[in-house]
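Engineer:
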Amino acid sequence: MTISTRIDRGIQRGQQIRITVDGESIVAYEGETVAAALIAIDRRILRYTTKRNEPRSLYCGIGVCQECRMIIDGVSNTRACMTPVRAGMIVKTQQGIGE
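For the sequence shown, the numbering used here begins at 149 and goes up steadily by one.
#1: Which whole runs of the alpha helix (DSSP H) in the segment 170-230 are 4 residues long or more, in chain order?
#2: Any idea if Ala228 is buried or exposed, counting beta-carbon neighbours within 10 angstroms, 16 or more meaning buried?
#3: Cutting at 8 Å between CB atoms, please list the residues of its own chain near Pro232, excluding the five before and the five after it.
#4: Suppose you measure from the CA of Asn201 to the CA of Gln242; what does that come to, to the nearest Å?
#5: So for Ile245, helix, strand or coil by DSSP?
Here you go:
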(Lines of atoms letter the chains of each structure in order from A and count residues from 1; the text may use other names and numbers.)
(Lines give C-alpha, C1' and ligand atoms only; values in the text may rest on other atoms or scores of the structure.)
Protein backbone atom coordinates (compact mmCIF):
# COMPACT_ATOMS: atom_id res chain seq x y z
CA MET A 1 0.00 0.00 0.00
CA THR A 2 1.27 3.47 -0.84
CA ILE A 3 0.58 6.69 1.01
CA SER A 4 -0.71 9.56 -1.10
CA THR A 5 1.47 12.65 -1.21
CA ARG A 6 -1.34 14.68 -2.77
CA ILE A 7 -2.37 17.87 -1.02
CA ASP A 8 -6.08 17.37 -0.41
CA ARG A 9 -7.15 20.21 1.86
CA GLY A 10 -8.27 23.43 0.20
CA ILE A 11 -7.71 22.15 -3.33
CA GLN A 12 -10.44 22.10 -5.94
CA ARG A 13 -9.87 19.00 -8.06
CA GLY A 14 -11.17 17.73 -11.33
CA GLN A 15 -13.26 14.58 -11.47
CA GLN A 16 -11.68 11.46 -9.99
CA ILE A 17 -10.77 8.95 -12.69
CA ARG A 18 -8.76 5.73 -12.96
CA ILE A 19 -5.76 5.04 -15.14
CA THR A 20 -3.75 1.83 -15.45
CA VAL A 21 -0.02 1.93 -14.74
CA ASP A 22 1.98 -1.23 -15.41
CA GLY A 23 -1.19 -3.27 -14.94
CA GLU A 24 -2.27 -1.55 -11.70
CA SER A 25 -5.34 0.68 -11.57
CA ILE A 26 -4.67 3.99 -9.79
CA VAL A 27 -6.71 7.07 -8.94
CA ALA A 28 -5.95 10.29 -10.78
CA TYR A 29 -7.80 13.58 -11.20
CA GLU A 30 -8.76 15.33 -14.41
CA GLY A 31 -6.45 18.29 -14.92
CA GLU A 32 -3.29 16.69 -13.56
CA THR A 33 -0.50 15.19 -15.64
CA VAL A 34 0.52 11.54 -15.72
CA ALA A 35 3.73 12.48 -13.86
CA ALA A 36 1.77 14.31 -11.13
CA ALA A 37 -0.56 11.33 -10.66
CA LEU A 38 2.42 8.98 -10.29
CA ILE A 39 4.38 11.22 -7.93
CA ALA A 40 1.22 11.57 -5.81
CA ILE A 41 1.24 7.81 -5.15
CA ASP A 42 5.01 7.85 -4.53
CA ARG A 43 5.76 6.18 -7.85
CA ARG A 44 9.15 7.67 -8.74
CA ILE A 45 10.61 5.50 -11.51
CA LEU A 46 9.12 6.35 -14.89
CA ARG A 47 11.65 4.76 -17.23
CA TYR A 48 15.01 2.96 -17.44
CA THR A 49 17.95 4.05 -19.61
CA THR A 50 19.03 2.11 -22.67
CA LYS A 51 22.70 1.38 -21.96
CA ARG A 52 22.90 0.96 -18.20
CA ASN A 53 19.26 0.24 -17.32
CA GLU A 54 19.36 3.07 -14.76
CA PRO A 55 16.08 4.40 -13.33
CA ARG A 56 14.86 7.86 -14.31
CA SER A 57 12.13 10.05 -12.86
CA LEU A 58 10.55 13.47 -13.18
CA TYR A 59 13.28 16.11 -13.34
CA CYS A 60 12.36 19.44 -14.95
CA GLY A 61 8.58 19.03 -15.04
CA ILE A 62 8.26 21.25 -18.15
CA GLY A 63 8.98 18.82 -20.98
CA VAL A 64 12.55 19.90 -21.72
CA CYS A 65 14.75 17.21 -20.16
CA GLN A 66 12.89 14.16 -21.55
CA GLU A 67 13.62 12.14 -18.38
CA CYS A 68 9.94 11.32 -17.79
CA ARG A 69 9.35 9.49 -21.08
CA MET A 70 6.87 6.63 -20.75
CA ILE A 71 4.73 4.45 -22.98
CA ILE A 72 1.30 6.08 -22.86
CA ASP A 73 -1.57 4.48 -24.76
CA GLY A 74 0.95 2.50 -26.82
CA VAL A 75 3.11 5.49 -27.81
CA SER A 76 6.73 5.30 -26.65
CA ASN A 77 8.71 8.37 -25.57
CA THR A 78 5.64 10.29 -24.41
CA ARG A 79 6.53 12.96 -21.83
CA ALA A 80 4.56 12.15 -18.68
CA CYS A 81 5.02 15.69 -17.35
CA MET A 82 3.21 17.16 -20.37
CA THR A 83 0.46 14.57 -20.82
CA PRO A 84 -2.85 15.12 -19.01
CA VAL A 85 -4.51 12.04 -17.56
CA ARG A 86 -7.76 10.77 -19.01
CA ALA A 87 -10.04 7.98 -17.90
CA GLY A 88 -8.92 4.56 -19.11
CA MET A 89 -5.40 5.64 -20.05
CA ILE A 90 -2.80 2.84 -20.19
CA VAL A 91 0.67 3.82 -18.95
CA LYS A 92 3.79 1.65 -18.92
CA THR A 93 7.29 2.13 -17.54
CA GLN A 94 9.57 2.53 -20.54
CA GLN A 95 12.62 0.30 -20.94
CA GLY A 96 15.31 1.97 -23.05
CA ILE A 97 13.96 3.51 -26.24
CA GLY A 98 10.54 1.93 -25.79
CA GLU A 99 8.46 -0.35 -27.96
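Heads up, the beta-carbon is just placed ideally off N, CA and C, and yes, glycines get one too. As the structure is a computational prediction, the values presented were derived from the model and not from experiment.
Structural biologist: Short version:
#1: At a cut-off of 4 residues, the continuous stretches assigned as alpha helix (DSSP H) that sit fully inside the segment 170-230 are 182-188.
#2: Its Cβ being crowded by 16 or more others within 10 Å, Ala228 is buried.
#3: Glu178, Gly179, Glu180, Thr181 and Val182, listed in sequence order.
#4: CA-CA distance, Asn201 to Gln242, rounds to 10 Å.
#5: Residue state, collapsed to three classes: coil.
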